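Student:
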Amino acid sequence: MKKELLNCETARNICIVQTLAKLGHFPTRKSEKEAWFLSPFRSESKASFKVSLRLNRWYDHGAGIGGNVIDLICLIKQCSVKEALELLDHEAFNFSFHQPPRLEKESGIEVVQVKPIHHPALLDYLKSRRIKLSAARCYCKEVHYKLEDKKHFAIGLKNVSGGYELRNKLYKSSVSPKDITLIKNQQSKLLICEGMFDLLSLTCYDPTLSKKADLLVLNSVAFVKRAADYLKDYKQVALYLDRDKAGKKATEFLLGVHSRAVDKSELYKGYEDVNQWWITKADG
Numbered sequence: 121m122k123k124e125l126l127n128c129e130t131a132r133n134i135c136i137v138q139t140l141a142k143l144g145h146f147p148t149r150k151s152e153k154e155a156w157f158l159s160p161f162r163s164e165s166k167a168s169f170k171v172s173l174r175l176n177r178w179y180d181h182g183a184g185i186g187g188n189v190i191d192l193i194c195l196i197k198q199c200s201v202k203e204a205l206e207l208l209d210h211e212a213f214n215f216s217f218h219q220p221p222r223l224e225k226e227s228g229i230e231v232v233q234v235k236p237i238h239h240p241a242l243l244d245y246l247k248s249r250r251i252k253l254s255a256a257r258c259y260c261k262e263v264h265y266k267l268e269d270k271k272h273f274a275i276g277l278k279n280v281s282g283g284y285e286l287r288n289k290l291y292k293s294s295v296s297p298k299d300i301t302l303i304k305n306q307q308s309k310l311l312i313c314e315g316m317f318d319l320l321s322l323t324c325y326d327p328t329l330s331k332k333a334d335l336l337v338l339n340s341v342a343f344v345k346r347a348a349d350y351l352k353d354y355k356q357v358a359l360y361l362d363r364d365k366a367g368k369k370a371t372e373f374l375l376g377v378h379s380r381a382v383d384k385s386e387l388y389k390g391y392e393d394v395n396q397w398w399i400t401k402a403d404g
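For the sequence shown, our numbering gives the first residue as 121, with consecutive numbering after it.
See the structure below:
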């Protein structure tokens, strides 16, 4: 039976806070009634983007705009309502991999310089995520780039196609082409995680990780089928994906691909992802 497409009425009930989390945006403060974020549309140092938890609606005070989750996706992804519904649809968002809407769109980012991480703002950001500088420098770089004639810098993780995942305190971005990251250590075991800070958290948790496994970062659950193509080269596969619905779906898929794949998410049970767990553990 053909799967019925997500409609606008149903989509409006999808949690905005969880949607923002999947896109890499987390609240700077939260109460029972509302959550405040740094705007996903603009660079800012003080959160002006509010989500009403009761109404499940958002409003960007800095830009003077607001709406529901469909409006949010349309603005962030610069896509149509139809494409937004496809992205929000659980199965389509995570498993329509061959032509995911806008995923391969050129980012418009021009890389100016790539060098070892040393900028004080990035060092502070790593501390806030409880990541050791030695671990970050092992896998990531400090990437300076231009976007719309403005200069920016971020921590960058290079992917297999030459693009970068970019992260700093204010926003999350990427340099096209977007793809998975594979770090080969000449091992027969493969460790798979979802994002840059999951990888860094695991290497802080176990500094000998690179001696035990090759490392693969999805950089988006939309690339899980692409990652599956690499599994055949390994005797063992350890999965450290997010514990949300999308991560669990991706885990189930990969468990079905490789007979010796193991779900390791029990390590961070009670937390949505590895870095969330690691911040608590490191503080403890």
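Glycine is no exception: its CB is placed at the ideal position from the N, C-alpha and C atoms. This one's a predicted model, so the numbers in the text were calculated from it and none came from an experiment.
#1: Can you tell me which of the three DSSP states D353 falls into?
#2: Counting Cβ pairs, one atom from each stretch, are 3 or more of them under 8 Å apart for the region 321-338 and the region 249-258?
#3: Quick check on the burial criterion: 16 or more other C-beta atoms within 10 angstroms. Buried or exposed for V189?
#4: Less than 8 Å between the CB atoms is what I'm expecting for L286 and S294, so what's the real figure, rounded?
#5: If distances are taken between C-alpha atoms only, which option among V394, L195, L140, L335 comes closest to V171?
#6: Applying the criterion that 16 or more other CB atoms from any shown protein chain within 10 Å of the CB defines a buried residue, is G376 buried or exposed?
#7: Quick one: Cα of I193 to Cα of G187, how far?
#8: Buried or exposed: where does C135 fall if 16 or more other Cβ atoms within 10 Å of its Cβ makes it buried?
#9: Are the beta-carbon atoms of D334 and N305 separated by less than 8 Å?
#10: Between L208 and L126, what straight-line distance do the alpha-carbon atoms span, to the nearest angstrom?
#11: Assign G276 to one of three DSSP states: helix, strand, or coil.
#12: Taking only three categories from DSSP, how would you classify E392?
Tutor: Working from what's here:
#1: Taking the first residue of the sequence shown as 1, we reach residue 353 at position 233. DSSP places D353 in helix when its eight states are reduced to three.
#2: yes
#3: By one-based count along the sequence shown, residue 189 stands at place 69. The residue is buried, with at least 16 neighbouring Cβ atoms inside 10 Å.
#4: To locate residue 286, count along the sequence shown from 1; it is residue 166. To locate residue 294, count along the sequence shown from 1; it is residue 174. That pair is a contact at about 6 Å.
#5: Your numbering for residue 171 matches position 51 in the sequence shown. Ranking V394, L195, L140, L335 by Cα distance to V171 puts L140 first.
#6: In the sequence shown, counting from the first residue as 1, residue 376 sits at position 256. When all chains shown are included, G376 counts as exposed.
#7: As a working note, residue 193 is residue 73 in the sequence shown. As a working note, residue 187 is residue 67 in the sequence shown. Spanning the two alpha carbons is a distance of roughly 10 Å.
#8: Translated into the one-based positions of the sequence shown, residue 135 becomes position 15. Exposed: under 16 other Cβ atoms inside 10 Å.
#9: Here residue 334 refers to the residue found at position 214 of the sequence shown. Here residue 305 refers to the residue found at position 185 of the sequence shown. The answer is yes: Cβ separation under 8 Å.
#10: Counted from its first residue, the sequence shown places residue 208 at position 88. Counted from its first residue, the sequence shown places residue 126 at position 6. Each residue's alpha carbon lies about 8 Å from the other.
#11: Counting from one through the sequence shown, the residue named residue 276 turns up at place 156. Strand, per DSSP.
#12: As a working note, residue 392 is residue 272 in the sequence shown. Of the three classes helix, strand and coil, the one that applies to E392 here is coil, per DSSP.
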